[in-house]
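In what follows, a single structure is set out as structure tokens and then discussed.
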Amino acid sequence: MKIGILGAGAMGSLVGAHLMKGGAEVYFVDPYVQHMQAVEQEGLHMELEEQEEETVKITMATSDASKAGACDLVILLVKGMNTRSSIEANRELFGEDTVVISLQNGLGNVEILKEFFSAGQIGYGVLKASATLRAPGRIAGRVKFPYSPKGVWFSPLEKDTPYRHLFVEMEKILERGGFPAALSEQTEAIMWDKLFINVLYNAPCALVQLAGEDFMRHEEGRKLLKELAREVCEVATAKGVPMDAEEYWKKERENMAQVPLDEHHFTSTVLDVYKQRKTEVEFLNGAVCREGKKYGIPTPYNEAVYYLLRVREDTYDLMFEG
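Here our numbering is used: the first residue of the sequence shown is 644, the next is one more, and so on.
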């Protein structure tokens, strides 16, 4: 199978390398020229937890989609705010029957994909893995977290899609390549589990430039996180994905309590704001607000966080510098 990775940064490289190991023909496409050149020339070097270091040769790594050509399947891992522009700028990756699977953060990317592809060609999923780009051509990370039996969960948008065989084959290739994968009807519920975490820590922590553990340890910070948690659980439940707010909050408090005081994990949104870049808040807290309106669920805390971060990212050039 010919598979394109559109957005071959840290996570895209991690997934793509394991697809390559599983027997697929893999094409990395990403605007980070130095990373693409390093992978093309030397392969992708991986330092993964509980695995030996290795270098994986990729079929092609390029910033020019026309060199890759149309694929059987494209995995989308660009940030949500770049979904539409990335598809438009890399149309050569998509043939008449290309299947596109979004493994992006948050909600709303599938709706954008519907502008370009039939519902039967669209898939969505969630990654329970991590990766960091150490240098061009080098990543570190893990293919799954200890608490999750799989590193990726995914599903076609339509159960009876005529392209289901491609989804089945992707699961087999990933498993064969050492990346635990599940083609599962539970995917939407797993996505809301991850959104719960993203909503709590990405935007709030970015606003104050703190690690999630430190935000949770602050009394007033904890009060805000609890309200955000309640709102996302109420919206998910209204959509048909039952989430008990008290249970989720209790579990998250317990998880955070186990983190050593000297560990500080900063979300990607914290880094985006630090580097004065656009964030994915539209697809996180913004998505909770939009879904809440559909079902008549008030989301004042998520709205406040969303509005504040939008102001911050739209006014980087006006910030006080002392």
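Glycine included, each C-beta is placed from N, C-alpha and C at the ideal position.
Quick caveat: nothing in here was measured; it's all calculated off a predicted structure.
Taking 4 residues as the shortest admissible run, the region 854-925 contains the following complete alpha helix (DSSP H) segments, listed from N- to C-terminal end: 855-860, 862-881, 888-900 and 911-917. Between H661 and F822, the C-beta spacing is below 8 Å. Under DSSP, T958 takes part in no beta bridge, so it has no partner. Looking at the DSSP output, W796 shares a beta bridge with V769 and A825.
Comparing alpha-carbon positions, the option among K882, L750 and E668 lying closest to L838 turns out to be L750.
Of E692, G935, G929 and A854, the smallest CA-CA separation from M899 is found for A854. Less than 8 Å separates the beta-carbon of S745 from that of N752. Taken through DSSP and simplified to helix, strand or coil, K936 comes out as helix. DSSP places E758 outside any beta strand (DSSP E), giving it a letter other than H or E.
Taking C-beta atoms as the reference points, L868 and F858 count as a pair closer than 8 Å.
By the beta-carbon neighbour count (other beta carbons within 10 angstroms, threshold 16), T922 is buried. Q901 is not a Cβ neighbour of Y959, given a cutoff of 8 Å. Rounded to whole angstroms, the separation of the alpha carbons of K771 and I840 is 12 Å. Between L687 and V795, the alpha-carbon positions lie close to 20 Å from each other.
Looking at the DSSP output, I646 shares a beta bridge with V669 and L716. I744 is bridged by DSSP to I718 and G766. Contact check between the region 729-744 and the region 698-706: fewer than three CB pairs, one atom from each, fall below 8 Å, which does not count as touching. Taking the Cα positions, A881 is about 7 Å away from Y938. Residue pairing of H688 in beta bridges, as defined by DSSP: T698 and R781. Secondary structure at G751: coil, using DSSP grouped into helix, strand and coil. By the CB criterion at 8 Å, E692 and R785 fall inside the cutoff. In this structure, F797 sits near G768, with a CB-CB distance shorter than 8 Å. Under the DSSP definition of a beta bridge, F737 partners with C714. According to the DSSP assignment, T705 belongs to the beta strand (DSSP E) that extends over M703 to T705. Its chain contains C932 as the residues whose beta carbon lies nearer than 7 Å to that of E946, once the 5 sequence neighbours on both sides are disregarded; these appear in chain order. With respect to the C-alpha of A711, the residue from K802, N928, E801 and L649 having the closest C-alpha is L649. With 16 or more other Cβ atoms inside 10 Å of its own Cβ, D673 counts as buried.
Distances from the CA of A888 to each of Q852, V842, A879 and R873 were compared; the closest alpha carbon is that of R873.
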